[in-house]
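Quick notes on the structure that follows.
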Amino acid sequence: MSEQKNTADVIIVGGGPAGLSAALWCAELRMKTILFEKEAYFGGQLLRIYNPITNYIGLETKNGREMRDRFMSAVEKIDNNDGFIIRLQAEAANIDTAGKKVILDNGEHFSANAMIIATGVRRRKLGVDGEDAFQGKGIIESGAKEKEKVENRIVAIVGGGDAALENALILSDYAKKIYVIHRRADLSARSEFLDVAKKNVKIEFRPNTTVRKFTGTGKLNAVEVANIETGRKGKIGVDFALIRIGVEPNTELLGVELGLDDNRYLPVNNCCETGAEGVFAIGDVANPVAPTISGAAGMGAIAAKAIYLRKNLENPV
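Just so you know, we're using our numbering here: the sequence shown kicks off at 174 and counts up by one.
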């Protein structure tokens, strides 16, 4: 790639709903844009949504993948002759926000006048023995996606928020027994999930309890737990487990100059700009309080328009 192609008005890192929205708006505003996505596909967390999406105004889809496809149909119409470049499987080895530069793991260098961080979040892990070893061997990814697997089986769900309880209710139509393991006395899930779950005879709550280890021979068959209050340890025999203990931001490559908060999310102003001038952050990585698909798309539009307006103020026609 020539040096000219390695420079742009805007670099976008991340190809989820926020990044795709920003890319669409940057192209609409005729700004030369390079969009990097480390995976071989776009979509981000959308591809982990297996339930119908009904709260994105004007667009209902049967799952996140269908919504991703709808978004991509718009992005694919962008004329590449206007300087719009998409790079899949382009993982950043270094992100220099001060210089607005990205170095890919293959050694390629890119720079821009402005940068948009849309790296999203990932599911938080427990960090206990057996968690990685039993992925796909008893530890499942999604209740909606894998509900048939748990027919007449015993399931442990780790977590106490909306996602944990929603999955418990979905799986209760199939499983023989469900244990909801939560480290606190009270669950944080909304009453619409919690009230129904408490009345479900298949669901048993284990509050004040932590997971110590996942065990089994070739396949998961037990969860070792400990009661926080008493210190008493025990083992729950299970066939499957699902972990829903929240998410954490993908900000490992970002420096302190962006003003990362205590949880390593990116605080932004009303234009989605971070603590570093010309560096913007959008989507879940910058919105831990109310992460939504529509919010991510809106932030993408805000950041793109803010960059465009600043560019034209600094370089009037």
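Positions of the beta carbon are idealized from the N, C-alpha and C atoms, including for glycine.
Note that the structure is a prediction, hence the values are computed from the model and not measured.
*To the nearest angstrom, how far is it from the Cα of G391 to the Cα of D305?*
Distance between the alpha carbons of G391 and D305: 13 Å.
*Beta-carbon proximity list for E319, same chain, < 7 Å, skipping 5 on both sides*: These residues qualify, in order along the chain: I313.
*Among the residues of its own chain, which have a CB less than 6 Å from the CB of K406, if the five just before and after it don't count?*
Within the same chain, K406 has close Cβ partners A399.
*asked:* Tell me the rounded alpha-carbon separation between Y347 and G272.
replied: Going by the C-alpha atoms only, they are around 54 Å apart.
*Integer-rounded CB distance, given that G410 should sit under 8 Å from I327*: Their Cβ separation, rounded to whole angstroms, is 7 Å, which keeps I327 and G410 in contact under 8 Å.
*Would the beta-carbon of Q218 fall within 8 Å of that of G293?*
A contact, by the Cβ cut-off of 8 Å.
*With 16 as the cutoff for other CB atoms within 10 Å, does S169 come out buried or exposed?*
Nothing in the structure corresponds to residue 169, since the chain is present only between 174 and 490.
*Is it true that the CB of G432 sits closer than 8 Å to the CB of P440?*
Yes. Within cutoff.
_Which listed residue (E487, G451, S467 and L426) has its alpha carbon closest to that of F244_ = Out of E487, G451, S467 and L426, the CA that lies nearest to the CA of F244 is found in S467.
_Does the contact criterion of 3 or more C-beta pairs under 8 Å hold for the region 379-387 versus the region 281-292?_
Short answer: they don't touch.
*Which of the three DSSP states, helix, strand or coil, is assigned to L415?*
In the displayed model, L415 falls within a strand according to three-state DSSP.
*Compare the beta carbon distance of G448 and G334 with 8 Å and say whether it is the shorter of the two.*
No, Cβ-Cβ distance for G448 and G334 is not below 8 Å.
*Where DSSP assigns a beta bridge to A181, which residues make up the other side?*
Bridge pairing for A181: A285 [DSSP].
*Where does E425 sit, in a helix, a strand or coil, going by DSSP?*
E425 falls in the coil class under three-state DSSP.
*Check whether N286 and L426 have beta carbons under 8 Å apart*: No, the Cβ-Cβ distance between N286 and L426 is not below 8 Å.
*Inspect the beta-carbon positions of I401 and I289 and report whether they are closer than 8 Å.*
Cβ distance not < 8 Å, so I401 and I289 don't count as in contact.
*Can you check the region 337-371 for any alpha helix (DSSP H) of at least 4 residues that lies completely inside it and give the ranges in chain order?*
Runs found: 364-371.
_From A470, K310 and A370, residue whose alpha carbon lies closest to that of G389_ = Ranking the options by Cα distance to G389, first place goes to K310.
*Could you tell me if A230 is buried or exposed, where buried requires 16 or more neighbouring beta carbons within 10 angstroms of its beta carbon?*
Here residue 230 turns out to be Ile, not Ala, going by the sequence shown. Exposed, since its Cβ has fewer than 16 Cβ neighbours within 10 Å.
*Which residues does DSSP pair with K395 in a beta bridge?*
What sits at residue 395 in the sequence shown is Ala, not Lys. According to DSSP, which records beta bridges pairwise, A395 is partnered with T388 and G410.
*Residues near A336 in its chain [Cβ-Cβ closer than 7 Å; skip 5 each side]*: Taken in chain order, the residues that qualify are R417.
*What does A196 pair with, by DSSP beta-bridge criteria?*
None; A196 has no bridge partner.
*List the residues that DSSP assigns as beta-bridge partners of D269.*
Its beta-bridge partners are K274.
*Taking only the alpha-carbon atoms, compute the straight-line gap between E264 and I258 and give it to the nearest angstrom.*
Rounded to whole angstroms, E264 to I258 spans 15 Å at the Cα level.
*asked:* Across the region 180-187 and the region 232-242, are there enough close Cβ pairs to call them in contact, namely three or more that are closer than 8 Å?
replied: By the Cβ test, the region 180-187 is not in contact with the region 232-242, since fewer than three Cβ pairs between them sit closer than 8 Å.
*Beta-carbon proximity list for F387, same chain, < 8 Å, skipping 5 on both sides*: Hits under 8 Å: V301, D302, G303, E304, A306, F307, G311, I312, L393, A395, V396, E397 and A414.
*N- and C-terminal bounds of the alpha helix (DSSP H) containing F244*: F244: member of the alpha helix (DSSP H) spanning G237 to V248, first to last residue.
*Specify the secondary structure class of A454 as computed by DSSP and reduced to three states.*
Of the three classes helix, strand and coil, the one that applies to A454 here is strand, per DSSP.
_Closest by C-alpha distance to A459, when choosing among E339, A469 and G451_ = Out of E339, A469 and G451, A469 has the C-alpha closest to the C-alpha of A459.
*Check whether E446 and A479 have beta carbons under 8 Å apart*: Yes.
*Is the beta carbon of A341 sitting closer than 8 Å to the one on I376?*
Taking 8 Å as the Cβ cut-off, A341 and I376 qualify as a contacting pair.
*Residues in its own chain within less than 7 Å of S361 by CB, not counting five upstream and five downstream?*
Non-local C-beta neighbours of S361 in its own chain, meaning closer than 7 Å and more than five positions away in sequence, comprise G333 and G334, ordered along the chain.
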